[in-house]
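Visitor: Numbering (this note's numbering), first residue to last: 23 to 291.
Quick reminder that beta carbons are idealized off the backbone N, C-alpha and C, glycines included.
Keep in mind that this is a model prediction, so the values were computed, not measured.
Sharing a structure here in structure tokens format.
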Ligand code: ATR
């Protein structure tokens with residue numbers, strides 16, 4: 023059987039753990055694929071994809087900074103990619119470039135299955151209103167929380183998102199300063215962790231029952247996680263989300279759903 027080729031496309035991309043994850047999934051499920059990194063020039067994403075298709079590529083994951091360009095390049099997008107306005111998974115079928123977004127699915131699955139966190143009927147606070155936040159809103163609302171509050175430094179962007187998704191569930195927007203009460207789940211979708219900073223949120227938002235989730239991950243707990251732990255909350259980073267979004271992409275491409283626990287444990291080491 024020929025080996026089907028997949029890549030993760032980004033800039034930079036050398037740090038990506040996706041090859042390790044998908045290679046493990048392929049071994050586990052007996053799928054004959056290769057999966058490598060592909061660095062695209064900042065002004066050459068579409069051409070890089072077209073060249074890869076011409077070489078027989080079957081699919082690609084898309085990472086920073088190309089998720090919006092991938093959305094524009096796709097000839098068809100799934101409803102969840104349309105809602106996210108961004109694509110992290112491409113599947114090549116004949117002349118079609120099918121765009122999907124598995125990030126929000128990965129987050130919700132990591133919360134509900136791996137962290138055993140009930141979302142239905144719970145109060146969720148989402149910090150940030152950029153691309154990362156937008157990508158997870160629809161799956162979070164589909165989990166039927168009692169409230170999804172979006173808070174952002176630039177409050178207009180939070181209001182825009184709440185407006186855009188209002189038909190899908192109980193979503194509202196706030197500045198960081200005006201937030202009150204504690205939340206069951208607080209998700210950090212800002213890019214503040216990259217610089218080891220945290221969004222300016224009051225300690226009173228974090229209760230004993232709160233799960234604080236940072237969509238970033240690092241060897242040590244992020245500054246946001248440390249802040250939450252100091253308030254007596256639980257904290258979790260985004261490594262599980264990374265593995266779960268990959269598992270969903272693998273399922274889209276291969277029609278087989280891999281087990282994620284062993285891959286997660288290996289990455290954590
Ligand atoms: P991404 O694709 O990672 O979401 P983005 O679209 O540039 O990146 O969005 C970055 C998000 O992080 C925004 O919500 C940004 O807030 P603003 O909209 O006010 O710029 C937020 N952010 C970045 N650094 C932050 C910081 N130090 N404190 C609070 N919010 C921060």
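Mind reading off the beta-carbon distance from residue 142 to residue 166? Whole number of angstroms is fine, and I expect it under 8 Å.
Guide: For the purposes of this step, residue 142 is identified with residue 120 of the chain shown, where counting begins at 1. For the purposes of this step, residue 166 is identified with residue 144 of the chain shown, where counting begins at 1. Contact flag correct, Cβ pair sits at about 5 Å.
Visitor: Indicate whether residue 140 and residue 82 have their beta-carbon atoms separated by less than 8 Å.
Guide: Within the chain shown, the letter at position 118 stands for residue 140. Within the chain shown, the letter at position 60 stands for residue 82. Not in contact: residue 140 and residue 82 (Cβ atoms no closer than 8 Å).
Visitor: Just the C-alpha distance for residue 76 and residue 84, rounded to the nearest angstrom, thanks.
Guide: Looking up residue 76 in the chain shown gives position 54. Looking up residue 84 in the chain shown gives position 62. If I take the Cα positions, the gap works out to 18 Å.
Visitor: Three or more beta-carbon pairs under 8 Å between the stretch 206-226 and the stretch 190-197, yes or no?
Guide: no
Visitor: For residue 230, does the three-state DSSP call read helix, strand or coil?
Guide: Locating residue 230 in the chain shown gives position 208, where the first residue counts as 1. In the structure shown, residue 230 sits in a strand (DSSP, three-state: E or B).
Visitor: In whole angstroms, what is the alpha-carbon distance linking residue 149 and residue 156?
Guide: Locating residue 149 in the chain shown gives position 127, where the first residue counts as 1. Locating residue 156 in the chain shown gives position 134, where the first residue counts as 1. Near 11 Å, if we compare the C-alpha coordinates of residue 156 and residue 149.
Visitor: Any idea which residues DSSP pairs residue 241 with across the strands?
Guide: Against the chain shown, residue 241 aligns to sequence position 219. Answer is none; residue 241 lacks a bridge partner.
Visitor: When burial is assigned at 16 or more other CB atoms within 10 Å of the CB, is residue 44 buried or exposed?
Guide: To locate residue 44, count along the chain shown from 1; it is residue 22. Residue 44 comes out buried.
Visitor: If you compare alpha carbons, which of 266, 272 and 276 is closest to residue 287?
Guide: Here the question's residue 287 lines up with position 265 in the chain shown. Residue 266 is the option with its Cα nearest to residue 287.
Visitor: First and last residue of the alpha helix (DSSP H) that includes residue 135?
Guide: As a working mapping, residue 135 is identified with position 113 in the chain shown. Unbroken run through residue 135: none, as it is neither H nor E.
Visitor: Does DSSP put residue 102 in a helix, a strand or coil?
Guide: If you number the chain shown from 1, residue 102 lands on position 80. Of the three classes helix, strand and coil, the one that applies to residue 102 here is helix, per DSSP.
Visitor: Of the residues 262, 271 and 268, which one's Cα is nearest the Cα of residue 133?
Guide: Start at 1 with the first residue of the chain shown, and residue 133 comes out as number 111. Cα-wise, what sits closest to residue 133 is 262.
Visitor: Starting from the N-terminal side, write out each stretch of the beta strand (DSSP E) that is 3 residues or longer and does not extend beyond the stretch 158-228.
Guide: 169-173, 193-196 and 205-210
Visitor: Indicate, with yes or no, if the ligand ATR has a heavy atom lying under 7 Å from the CB of residue 174.
Guide: For this step, residue 174 is matched to residue 152 along the chain shown. Checking the Cβ of residue 174 against the ligand ATR gives yes.
Visitor: So residue 39 is in the alpha helix (DSSP H); what residue range does that whole segment cover?
Guide: The sequence position of residue 39 within the chain shown is 17, counting from 1. Neither: residue 39 is in no alpha helix (DSSP H) and is coded neither H nor E.
Visitor: I'd like the list of long-range same chain contacts for residue 292, defined as Cβ closer than 6 Å, with 5 residues on each side in sequence excluded.
Guide: Past the edges of the chain, shown from 23 to 291, lies residue 292, and the structure says nothing about it.
Visitor: Taking 7 Å as the cut-off, is the C-beta of residue 161 nearer than that to any heavy atom in the ligand ATR?
Guide: Start at 1 with the first residue of the chain shown, and residue 161 comes out as number 139. Not under cutoff, so the answer is no.
Visitor: Only counting the same chain, and skipping five residues up and downstream in sequence, which positions put a Cβ closer than 7 Å to that of residue 282?
Guide: One-based indexing of the chain shown puts residue 282 at position 260. Closer than 7 Å at Cβ, skipping near neighbours: 265, 266 and 269.
Visitor: Going by DSSP in three states, residue 89 sits in which element: helix, strand or coil?
Guide: Taking the chain shown and counting its residues from 1, the one referred to as residue 89 is at position 67. DSSP places residue 89 in helix when its eight states are reduced to three.
Visitor: Under 8 Å, do residue 198 and residue 225 count as touching if we go by C-beta distance?
Guide: Along the chain shown, one-based indexing puts residue 198 at 176. Along the chain shown, one-based indexing puts residue 225 at 203. No, these two residues do not count as a Cβ contact at 8 Å.
Visitor: Can you tell me which of the three DSSP states residue 258 falls into?
Guide: As a working mapping, residue 258 is identified with position 236 in the chain shown. Correct three-state label for residue 258: strand.
Visitor: For residue 280 versus residue 42, is the C-beta distance shorter than 8 Å?
Guide: In the chain shown, residue 280 corresponds to position 258, counting from 1. In the chain shown, residue 42 corresponds to position 20, counting from 1. No. Outside cutoff.
Visitor: I'd like to know whether the C-beta atoms of residue 126 and residue 161 end up nearer to each other than 8 Å.
Guide: Along the chain shown, read from residue 1 onward, the residue named residue 126 stands at position 104. Along the chain shown, read from residue 1 onward, the residue named residue 161 stands at position 139. In this structure, the beta-carbon distance from residue 126 to residue 161 falls below 8 Å.
Visitor: Reducing DSSP to helix, strand and coil, say where residue 264 ends up.
Guide: To locate residue 264, count along the chain shown from 1; it is residue 242. Helix at residue 264.
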